Amino acid sequence: MTMKKVMALLLTATMLTGMLTGCGDKASESAADGKNQESASSASQGSDSAAPSSYDGEQVAYISCGDGDPGTLDPLAAMSSSRHVCIMEVCERLFGYTEDGDLYGVLAKDYERDGLTYTVNLYDYITDSAGNQMTASDIVFCLDKMVEKGNTSALNFEKYEATGDYTVEITVNNNNVATFENSIAGLYFVTQAAYEASSDDMSVDPVGTGPYKVDAYETGSTLTLVKNENYWQKPELCKALEQQANTEKIVYSMITEAAQIVVGLETGALDFAFVDFSAAERFGEGGEAANHFCAEAIKTWGGNALFFNMSDKSVFKDNIALRKAVLYGIDRQAIIDGVFEGHAINPKTYGQTRYPDADPNWDNEDYFEYDPDYAKECLKEAGYAPGELSLKLMFPTSSYCNSMAEIIQAYLDMIGIKVEVLSYENALYNSYKTDPTQYDMMFNGSGGPGTITRIWNNQLNKNIYTSDGAYCAGFLNDPHLQELVETASNVDTNSVETTSAVHDYLIDQAYLMQLYVEEKCVVYNTDKIVKMCTNIDARQVPGASIYVWN
Amino acid sequence: MGKYIFKRILMFIPVVLAVGILIFTIMYFVPGDPAKVVAGAEASEEQLQAVREQLGLNQPYIVRLGNFLSDTFLHFDFGESYITGVKISDELMRRLPRTLTLGVTTWLLTVLLGVPLGVAAGVNQNKFGDRFCMFVALFGVSMPPFWLGLMLVLLFSLKLGWLPSSGIGGPQYYILPCIAGSFGGMASNARQARSAMLEVIRSDYIVTARAKGVSRRKVIYKHALPNALFPILSTASVGLAHVCGGSVVIETVFGIPGIGLYLLTAVNSRDYPIIQACVIILAVVFAVIMLIVDILYAFIDPKIKSKYIGTKAARRKADA
Chain S
1 MTMKKVMALL LTATMLTGML TGCGDKASES AADGKNQESA SSASQGSDSA APSSYDGEQV
61 AYISCGDGDP GTLDPLAAMS SSRHVCIMEV CERLFGYTED GDLYGVLAKD YERDGLTYTV
121 NLYDYITDSA GNQMTASDIV FCLDKMVEKG NTSALNFEKY EATGDYTVEI TVNNNNVATF
181 ENSIAGLYFV TQAAYEASSD DMSVDPVGTG PYKVDAYETG STLTLVKNEN YWQKPELCKA
241 LEQQANTEKI VYSMITEAAQ IVVGLETGAL DFAFVDFSAA ERFGEGGEAA NHFCAEAIKT
301 WGGNALFFNM SDKSVFKDNI ALRKAVLYGI DRQAIIDGVF EGHAINPKTY GQTRYPDADP
361 NWDNEDYFEY DPDYAKECLK EAGYAPGELS LKLMFPTSSY CNSMAEIIQA YLDMIGIKVE
421 VLSYENALYN SYKTDPTQYD MMFNGSGGPG TITRIWNNQL NKNIYTSDGA YCAGFLNDPH
481 LQELVETASN VDTNSVETTS AVHDYLIDQA YLMQLYVEEK CVVYNTDKIV KMCTNIDARQ
541 VPGASIYVWN
Chain X
1001 MGKYIFKRIL MFIPVVLAVG ILIFTIMYFV PGDPAKVVAG AEASEEQLQA VREQLGLNQP
1061 YIVRLGNFLS DTFLHFDFGE SYITGVKISD ELMRRLPRTL TLGVTTWLLT VLLGVPLGVA
1121 AGVNQNKFGD RFCMFVALFG VSMPPFWLGL MLVLLFSLKL GWLPSSGIGG PQYYILPCIA
1181 GSFGGMASNA RQARSAMLEV IRSDYIVTAR AKGVSRRKVI YKHALPNALF PILSTASVGL
1241 AHVCGGSVVI ETVFGIPGIG LYLLTAVNSR DYPIIQACVI ILAVVFAVIM LIVDILYAFI
1301 DPKIKSKYIG TKAARRKADA
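These protein sequences, in sequence, are chains S and X.
Residues 1 to 550 (our numbering) make up the first sequence, in order.
Residues 1001 to 1320 (our numbering) make up the second sequence, in order.
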């Protein structure tokens, strides 16, 4: 009897706890319970742009870093995505780029091109937050350091020299489309004096020329930036989003746990974060927390393609029918619906048609459209009976990739191909990519702004993919494809025709298939942020965002 | 006693050395090329070779092991991260206090709550208190810390708004992680304490004491508990090492940048120097805890004490 009472008591306690944690409608109100409560009065002003408001709290934006701790803030080391986010408003680039692939000046006033050589003219009044003036010799110093530190973008420059106090000449080492643009727009520059004054290569205390400066950096936890009151550039000449400073302070949180990011938004510990689309429902229209938050999908340049193992002993080598059986047996829309809740782009080429050098007409053409009957025919033509073939699908561990692999496994099973899914963490995956015995098919991620020929060149030009030019991604070694890619990538021969030739040939030969182009979901607190800005790289730019106090 | 402590400290050296050799060897043979992580997936073979040379990855096993042992144990230098180039010892100095704060506080909770719970269960065997305590212990053992952590966050951060959900700052940031991390250990301590108490209170000398009219309270706290302490101390000490070394889950869930999170990130990116440094630091922490426990044993266990008391007279006294 006593035991029953104990059980009843505990069950009651458990139910009460469940009610407190899981139910109720307080969730949507809790954003205002946190430290940002002072801004609640402005919530309804929503998207009414930058109208002055009566905001009297501290002008601070709490932003999720997204990709976790960068480990170091050194602006000259090989760059990681999280470090880009953390330093892009502290340090500056020579140029930024537009979606059309054009450059605009940030530290550079303008540039001239002569063949492979670019003459870059700097503004002559650039100073960093410590008061050091930036000249051409600082640019050369930084490029030297980048090469020394293995920053791969800087390795595309054959030579560089200061030809005047504010003029630098940079020569690229190849004639491929947008080599200079893609390389230079990813590099940050600082003054030699500031860099040498730092005892640890600016790993925790970068001093840059940007509109913000580092106030505090607690590795693995938070990075606090404060406005640089002595920012050098005149407002009318600020062309980049990263040159604006609409809030006094930015606090980046390095939270990586997905559930904690959602809790952080709702408790007011975060004003902005990238979240999974499944978690975004409660912040979007009609969601429980919609009154205080806005959820938006933004385009990215990233995505995954399905590559075959094309090495000599692979079943796919010289068997185009088998490759077609696989590619036509996969329903890309099912992947997009099942894995990304419909929030991804169904691609029509390897890469995406959003690139400036991609032909928009490709959007109207067929691209391995799902056809299970045709896939079965191809399998028969390839010489395999249903259930006879078993393939290994390799991919880097992530929730998206795991789900995609399971869907592909199910679809290929329907046409009679067994698939073994092999999920490896990144280091192992990257090692196994160059081992032909480890996989039959793999997911291969590629992307980034620039041009579609850059993506193709990086993955399908064997002279770039390997130093000995033996093969490209997936051990693909087709001289005709090589010729087509080189022709399309070269500045002198690049045209709609040569680009289309690569696109058509990849489809004809069924060498690979882009599975999806990723979209990201951003959620921000509308009690404080009127409009959150993201740049061309789909990275958050809190300094350029519009707040209720602007 | 000094001799005993000295012997224990001497034993400490081969343990840490063996851990160093073991972790280096494991990392040497584990698949995955750190050069590819450093240089990027699109790096050419030439660039990869350059990175391998720069990091010393192209040297034979024995040379690398020698360099590692010499740098670590003779120069106390863990080197720099392959990925970020940041000095590892600096990073460890920033992170270790957080892990120790979390670990020690969690452990104190496991002991301060778990042992009294177990003692109460033991002295009230088969009664309501016993069943209640054991149910709580079972509950604690069964709940994964990451799940419990998230539930606590939902209740205390999201719904009630009393405590921060993640990150570091003041003491309030450690409350939820410590509670989430302590449940498993508390349950183990409670079960151990209960077993130990049950064994002791069935002893003849306890029955005699009760028969002589000594109060129940005095029998429990003065006669039974001190003798039940040995197994409890063993479990509790292993628990301290466990919470310090196994903090990775709690640090990840609560975003606490300690050694565990540092280690986890390094494992994913094959950052060998960080992995080796973290494992050695955790081994040292474990060894120090074991050393302290052994010394405590010596103080509370007359059998050990007698072996190391300096004079023959004293030894005779102890034997008597």
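Even glycine gets a Cβ: it sits at the ideal position worked out from N, Cα and C.
In this text the structure is predicted, and so the values were computed from the model without any measurement.
Counting along the chain, where does the beta strand (DSSP E) carrying Glu-112(S) start and finish? Position 112 of the first sequence, counting from 1, holds the residue named residue 112(S). Glu-112(S) -> beta strand (DSSP E) spans 108-114.
Cys-65(S): which of Glu-158(S), Ile-184(S), Leu-225(S), Ser-203(S) sits nearest, CA to CA? Position 65 of the first sequence holds residue 65(S). The shortest Cα separation from Cys-65(S) among Glu-158(S), Ile-184(S), Leu-225(S), Ser-203(S) belongs to Leu-225(S).
Just verifying my parser: in three-state terms, what is the DSSP assignment at Glu-377(S)? For the purposes of this step, residue 377(S) is identified with residue 377 of the first sequence, where counting begins at 1. Glu-377(S): helix per DSSP, three-state reduction.
Check whether the segment 313-330 of chain S touches the segment 507-521 of chain S, taking contact to mean three or more Cβ pairs, one atom from each stretch, closer than 8 angstroms. yes
Would you call Gln-1192(X) buried or exposed, if buried means 16 or more other Cβ atoms sit within 10 Å of its Cβ? Indexing the second sequence from 1 puts residue 1192(X) at position 192. Looking at its Cβ environment, which holds 16 or more other Cβ atoms inside 10 Å, Gln-1192(X) is buried.
Using 8 angstroms as the cut-off, can you tell me whether the segment 1138-1147 of chain X makes contact with the segment 1179-1199 of chain X, which would need three or more C-beta pairs spanning the two stretches below that distance? yes
For a contact meaning CB atoms closer than 8 angstroms, what does Ile-255(S) contact in chain X? As a working note, residue 255(S) is residue 255 in the first sequence. Those within 8 angstroms of Ile-255(S) in chain X are Ser-1166, Gly-1167, Gly-1255.
Runs of alpha helix (DSSP H) lying entirely within the segment 1117-1175 of chain X, each at least 4 residues, in chain order: 1128-1142, 1145-1152
DSSP state of Asp-337(S), grouped into three classes? In the first sequence, counting from the first residue as 1, residue 337(S) sits at position 337. Three-state DSSP puts Asp-337(S) in a helix.
Strictly below 7 angstroms CB to CB, what residues from chain S border Arg-1094(X)? As a first step, residue 1094(X) must be located in the second sequence, where it is residue number 94. What Arg-1094(X) touches in chain S: Thr-219.
Measuring only the C-alpha atoms, how far is Lys-380(S) from Gly-387(S)? In the first sequence, counting from the first residue as 1, residue 380(S) sits at position 380. In the first sequence, counting from the first residue as 1, residue 387(S) sits at position 387. Distance between the alpha carbons of Lys-380(S) and Gly-387(S): 11 angstroms.
To the nearest whole angstrom, what separates the beta carbons of Met-1197(X) and Val-1123(X), a pair I think is in contact under 8 angstroms? As a working mapping, residue 1197(X) is identified with position 197 in the second sequence. As a working mapping, residue 1123(X) is identified with position 123 in the second sequence. Right, the Cβ-Cβ distance comes to about 6 angstroms (below 8 angstroms), so this counts as a contact.
Where does the unbroken alpha helix (DSSP H) through Val-1238(X) begin, and where does it stop? Start at 1 with the first residue of the second sequence, and residue 1238(X) comes out as number 238. Segment 1225-1245, the alpha helix (DSSP H) holding Val-1238(X).
Contact set between the segment 1067-1093 of chain X and chain S, restricted to residues whose Cβ is under 8 angstroms from the partner: Ser-1081, Ile-1083, Thr-1084, Gly-1085, Val-1086, Lys-1087, Asp-1090, Glu-1091
Where does Arg-1191(X) sit, in a helix, a strand or coil, going by DSSP? In the second sequence, counting from the first residue as 1, residue 1191(X) sits at position 191. Correct three-state label for Arg-1191(X): helix.
Apply the 10 Å Cβ neighbour rule to Ala-1039(X) and answer buried if 16 or more other Cβ atoms are within range, or exposed otherwise. Position 39 of the second sequence, counting from 1, holds the residue named residue 1039(X). The residue is buried, with at least 16 neighbouring Cβ atoms inside 10 Å.
Could you give the first and the last residue of the continuous beta strand (DSSP E) run that contains Tyr-516(S)? Counting from one through the first sequence, the residue named residue 516(S) turns up at place 516. Tyr-516(S) -> beta strand (DSSP E) spans 512-525.
According to DSSP, is Trp-549(S) part of a helix, a strand, or is it coil? Numbered from 1 along the first sequence, position 549 holds the residue referred to as residue 549(S). In this structure, Trp-549(S) counts as coil in the three-state DSSP scheme.
By how many angstroms is the C-alpha of Phe-395(S) removed from the C-alpha of Ser-1089(X)? As a working mapping, residue 1089(X) is identified with position 89 in the second sequence. As a working mapping, residue 395(S) is identified with position 395 in the first sequence. Computed Cα separation, rounded: 34 angstroms.
Looking only at C-alpha atoms, which of Arg-1202(X), Val-1219(X), Val-1200(X) sits nearest to Ala-1209(X)? Stepping through the second sequence from its first residue, residue 1209(X) is reached at position 209. When each option's Cα is compared against that of Ala-1209(X), the closest is Val-1219(X).
Residues of chain S with CB closer than 8 angstroms to the CB of Thr-1252(X), please, in chain order. Numbered from its first residue, the second sequence carries residue 1252(X) at position 252. Within chain S, the residues near Thr-1252(X) are Thr-256, Glu-257.
Within this structure, are the beta carbons of Val-1019(X) and Ala-1283(X) separated by less than 9 angstroms? Reading the second sequence from its first residue, position 19 is the one you call residue 1019(X). Reading the second sequence from its first residue, position 283 is the one you call residue 1283(X). Yes, Cβ-Cβ distance for Val-1019(X) and Ala-1283(X) is below 9 angstroms.
Between which two residues does the alpha helix (DSSP H) containing Asp-144(S) stretch? For the purposes of this step, residue 144(S) is identified with residue 144 of the first sequence, where counting begins at 1. That run of the alpha helix (DSSP H) goes 136-148.
For Tyr-104(S), three-class secondary structure by DSSP: Numbered from 1 along the first sequence, position 104 holds the residue referred to as residue 104(S). Strand.
Is the segment 339-346 of chain S touching the segment 473-492 of chain S, taking contact as three or more C-beta pairs under 8 angstroms? no
Collapsed DSSP secondary structure at Phe-307(S) in the structure displayed: Here residue 307(S) refers to the residue found at position 307 of the first sequence. Reduced to three states, the DSSP call for Phe-307(S) is strand.
Is there a Cβ from chain S that is less than 9 angstroms from the Cβ of Ala-1039(X)? Residue mapping note: residue 1039(X) aligns to position 39 of the second sequence, counting from 1. So, interface residue.
Taking Cβ-Cβ distances shorter than 7 angstroms, what residues in chain X pair up with Asp-67(S)? Translated into the one-based positions of the first sequence, residue 67(S) becomes position 67. None at all; the shortest Cβ gap to chain X is about 11 angstroms.
DSSP state of Lys-1222(X), grouped into three classes? The residue labelled residue 1222(X) in the question sits at position 222 within the second sequence. Here Lys-1222(X) sits in helix by DSSP.
Could you work out which residue in Asn-346(S), Leu-428(S), Val-85(S), Phe-283(S) is closest to Glu-369(S) when comparing CA atoms only? If you number the first sequence from 1, residue 369(S) lands on position 369. Comparing Cα positions, the closest option is Asn-346(S).
Is the Cβ of Leu-1154(X) closer than 9 angstroms to any Cβ of chain S? What you label residue 1154(X) is simply residue 154 of the second sequence in a count that begins at 1. Chain S, which has a Cβ nearer than 9 angstroms to the Cβ of Leu-1154(X), makes this yes.
Taking Ala-470(S) as the reference, give the member of Gln-1276(X), Leu-1069(X), Glu-1046(X) with the closest Cα. Position 470 of the first sequence, counted from the first residue, corresponds to residue 470(S). It is Glu-1046(X) whose Cα lies nearest to the Cα of Ala-470(S).
Using beta carbons (cut-off 9 angstroms, strictly below), is Lys-1036(X) in contact with chain S? Numbered from 1 along the second sequence, position 36 holds the residue referred to as residue 1036(X). By this cut-off, Lys-1036(X) is an interface position.
Please report how far the alpha carbon of Ile-335(S) lies from the alpha carbon of Tyr-1061(X), in whole angstroms. Looking up residue 335(S) in the first sequence gives position 335. Looking up residue 1061(X) in the second sequence gives position 61. If you take the alpha carbons of Ile-335(S) and Tyr-1061(X), they lie about 45 angstroms apart.
Quick check: what's the CA-CA separation for Thr-267(S) versus Thr-219(S)? Locating residue 267(S) in the first sequence gives position 267, counting from the first residue. Locating residue 219(S) in the first sequence gives position 219, counting from the first residue. So the two alpha carbons sit approximately 23 angstroms from each other.
For my contact list, Lys-249(S) and Val-90(S) are in at a C-beta cut-off of 8 angstroms; report their separation, rounded to the angstrom. Within the first sequence, the letter at position 249 stands for residue 249(S). Within the first sequence, the letter at position 90 stands for residue 90(S). At roughly 13 angstroms, the Cβ-Cβ gap does not stay under 8 angstroms, so Lys-249(S) and Val-90(S) are not in contact.
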